[in-house]
Structure formats: C-alpha cells, structure tokens
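Following: one structure in structure tokens, then a few remarks.
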Amino acid sequence: MPARRKRASSSRSSPGVSALVDSLLRGNKRAAAKLISLIEDDEPEAAEAMALIYPHTGHAHVVGFTGAPGVGKSSLINRLVRLFRARGKKVGVVAVDPTSPYSGGAVLGDRIRMADTGVDPGVFIRSMATRGHAGGLALATFDAVRVLDAMGMDIVLVETVGAGQSEVEIASRAHTTVVVEMPLTGDAVQTMKAGILEIGDVYVVNKVDLADADTLVANLRFQIEARDGWMPPIIRASALEDQRIDELADALETHRAFLASSGNWNKRELDRARQEILENARRLLAQQVRGPGTGGESFEALAQRVVARKLDPQSAAARLFQEAVGGTAQRQSRRAKSG
Amino acid sequence: MATKIRVLIAKPGLDGHDRGAKVIARALRDAGMEVIYTGLRQTPEDIVEAAIQEDVDAIGLSCLSGAHMALFPEVVKLLRKRKAGDIVVAGGGIIPEDDVPKLKKAGIKAVFGPGTPLSDVVEFFQKAGKAKGA
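Residue numbers (this note's numbering), protein chains in the order written: chain A, 1 to 339; chain B, 340 to 473.
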C-alpha cells in the first residue's frame, strides 16, 4: 500500500495546485471539490494536479453501480453510505447523470436520495454530468475517484448514468461492479442478453417490497456464472425499507477480500493501467491531429476531401496519423508488418 | 473543455412546494448550466455542505413558507464561516417586498418573486457564473 499523508510538494508544480493538493491530503473538502472541478473542466493545471495526487491513491475500494434509470442505485448508495459509516469507514460517492446533447446543461439529482448523510465529515458526494462522454460515465469520473481516494476515503461508490444494456465501461474501471435490477422489467430472455448482465461481481434485485422477485432471481441465477474463481451473489434488497443492505455491504467487502487473496486485485489494476494509458494516448493523438501546426494537410481540408468523395475516411485517418506521429508511427507500422 | 457554470438549487426549511425550484432548475439546464438539485427540507448546513462538495458558482434558494428571513441569511453566514463566501446566493419564492432590502443587506445578491421572467433568472446566474469563473 502506498505511503499516505505526505506533502505533495514538487519542484516543478505551481504553488496554487500544490497548496490545493496538500490541503486535500489533510482531508479538506473544499480543496477536494476545487481539484475535481479543475480536472472536470480540463484546466491547464489538471495534469499537474493528477500527477501530484496519483502517488497518494490506491487505498480505496472502488465500487461501481450500474442498472437502468430508476432501479434504485442512488437509494441503495444512500443506505450503504450510512452503513459503512456505522462500520467506521470513510465513504466517497461520485454520481453521474447525463448532459443534454442540445443545451450542454444537466440536472444532477442524485443528491436528493443521498440527503441523509448531511454534514457528516466522513462522507463526500460529488455529482457529475457526462459532458458528452458515452458509456454511462464522465471522462473525469475516475480522476475524481482518485481525488477522493487521496483524501483518505476507504471506499468510493460510483453511480453510473442509468445505463442501458451496453454501458459496461464501469466494469473495467471499478474493483467491484454492482448490477442493480428490479422485478417486473422483462422476461427471461432479457436476462440472457449480453452486456450489462454479464459484468456484475454482485447483483442486487432491488424493490423486493414492490413485487415478487423470485422469477427474476431464478432467471439471473440461471444466467450468472463464476468468473475468475468468483461466483457473483444475488442479493434481494429493498433500499426503501432498508432490507438486506448489510448483506450487500458484506458482499462488497467479501469481494474485496477475494480480489486481494486471489491476485485479481493486481490483475485488475494492471488492466486498468493499460486501458488508461491507451485512452490518454488516444486523446492526445486526437488533440494533436486536430490542432494547428501539424503540417501537411489539415484536418479540415481532409474532411472536405472526404465529403467530396476524393478520399475515403480510413485513408484520411492514416494520413493524419502519419503527419501527427511522423517517423515514429512509420517505424512502428513497419515493425508491425514484419512481426 | 470550457468551464461549466454549476448552480445548486435548494429548498431550505419545512416547505414542500418545489414546482418553482424545478422550473428554475429546468430553465438553467436549458441554458447550458449544470444544476444540482438537492430536494426538499434541507437545513442551511446541508445546503452549504452540498455547495462546497459540488464546487458550485452559485446557490438558488427557494422558499414559500415565510421562513426566508431566518433561512437565507443563515446560508450566507455559514458559507462565509466555511471560507466559501465567494459562492453567490440568490433567493426566490413568496417574499414580501419589505424584506428584499434586508435580504440584500444580509448578502443575498438577488431576490426573484412571482412573475419574474425566467430569462432574468437565467441571466443572473450566467453573470454570477462568469464573474466567478473568470
């Protein structure tokens, strides 16, 4: 486990950012909030802030919640926050809601159901809009998780946008993924579809106070298989009536212990590192090829030629890529061909 | 990515009427802002805590119960205590005209009564967000 609570000073950092990070490491909520905004707005200091924060992360258990809108993700999280607080753990929450594709605005309403936690100093909740990012998450979601991790949270609960059948990004980013379902949402074939119903480490059938959950539980049980030595449990819960939330909390802790003892924790960390490096490289590349000063044909000129059917999009991308990465890319592609 | 204006819309005190707050939330959303709505029956402490965690530029308080003279200034006071006095606070609801100057003196930057055009409210929060973001 990494060393914690050290000062974040570094010779090349600007005083504003390193003061904020120092303050964060002392558990200051305003500093945490400011740093998350900095990252979310992709301000110039964001990369510097993340570089200072990163060494202080790796302690928190990151748990993702996904499922259709209205199945009770926020309400379950609210109950869990209180329960983990009672068990002496500090809890962070990052709750994502969609950004309007038309106005760019958003109404972030997850806090309404998390109002119980009020002014508890061991709880930090942040709402986040997707800002055009697909997959049920915002681009900055997991950097925000890191801010909360560095702040000293023991567990960070991430609520995705009410996801449909294919918003599965959360599974590759969280240590534990909770898929939330509710009764009366479809027949047996719904539970056989690929995608969201395959990614759970823990399944919750919520709202068991409303209707008979036996059919759904039976269908899920038929479908769910052990993966990497872990058999996902199915928990029948009612967030409204506070039923079996302790069972859910226990399942999350058991899964964390399993990940650590089976070596899967490190495997997931490594998968995540690979994915993040690639994602960031992709982002840098996109910035590079669209930005000015890449020389040769500009992005816009290529777009015009594609529209005029003088060039196909794949060839245009290849040219852009070669211009952006230059000799390196050519060497790499030669190596790839020969290898 | 550009800086987004973030606004907290909150209902302090024992007041179950939130149609107005929802209309405002919707209007700000349609103007491209990120609106955090925290729901009914919040204490000033809850509201200030949420505003800090969400790092909002401004707070819009809605009160139709008559308790605005106690609740609105309390929010401003608590923000200052938490060194977050830079967060702009505005209020709306059923607020007698005589109370408006007193609220402004207590640090409430604007008071929007019934009949206020939505565009006035939107404009206020846009200015508040830009002034703070700059």
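Ideal placement from N, C-alpha and C gives every residue a C-beta, glycine not left out.
Check	Outcome
Any idea if N280(A) is buried or exposed, counting beta-carbon neighbours within 10 angstroms, 16 or more meaning buried?	exposed
Whose Cβ in chain B lies nearer than 7 Å to the Cβ of A340(A)?	This structure cannot settle anything about residue 340(A), because the visible part of chain A is limited to 1 through 339.
Please tell me whether L278(A) has its Cβ less than 9 Å away from any Cβ of chain B.	no
Cα separation between L38(A) and V415(B)?	24 Å
Any contact between the region 74-91 of chain A and the region 235-253 of chain A? By contact I mean 3 or more CB pairs, one from each, below 8 Å.	yes
With a cut-off of 8 Å on the beta carbons, I'd call E393(B) and A33(A) a contact; round off their distance for me.	7 Å
Going along chain A, which residues have a C-beta under 7 Å from G417(B)?	Reading the sequence as shown, one finds Leu at residue 417(B) and not Gly. Chain A residues near L417(B): none, gap ~10 Å exceeds 7 Å.
Keeping to the same chain, check which residues put their C-beta closer than 6 Å to that of I433(B); ignore five residues upstream and five downstream.	L403
Per DSSP, what kind of secondary structure is G399(B) in: helix, strand or coil?	strand
Could you work out which residues of chain A lie near A369(B), taking near to mean beta carbons separated by less than 9 Å?	Note that residue 369(B) is Asp in the sequence shown, not Ala. Ordered by position in chain A, the residues that pass the 9 Å Cβ test against D369(B) are S100, Y102, S103 and G105.
Please name the residue or residues paired with S74(A) in a DSSP beta bridge.	S74(A) pairs with nothing; no bridge assigned.
Rounded to the nearest angstrom, how far is the Cβ of G105(A) from that of A174(A), given a contact under 8 Å?	About 28 Å; that fails the 8 Å criterion.
Kindly say whether A32(A), judged by its beta-carbon, lies nearer than 9 Å to any beta-carbon of chain B.	yes
Do you know whose CA, among P313(A), Q322(A) and A301(A), lies nearest Q288(A)'s CA?	Q322(A)
Compute the distance between the beta-carbons of S100(A) and R368(B), then report whether it is under 9 Å.	yes
So, is the C-beta of I125(A) closer than 9 Å to a C-beta in chain B?	yes
At the 9 Å Cβ level, is D354(B) part of the contact set with chain A, yes or no?	no
Kindly indicate which three-state DSSP category R319(A) falls into: helix, strand or coil?	helix
Quick check: G468(B) and G430(B), are their CB atoms within less than 9 Å of each other?	no
Between A226(A) and V204(A), is the Cβ-Cβ spacing less than 9 Å?	no
If you follow the alpha helix (DSSP H) that H255(A) is part of, which residue opens it and which one closes it?	I245 to S262
So the alpha helix (DSSP H) E181(A) belongs to, where does it begin and stop?	E181(A) -> not in any alpha helix (DSSP H); beta strand (DSSP E) instead, spanning T176 to E181.
If distances are taken between C-alpha atoms only, which option among H255(A), A140(A), V306(A) and L137(A) comes closest to D228(A)?	H255(A)
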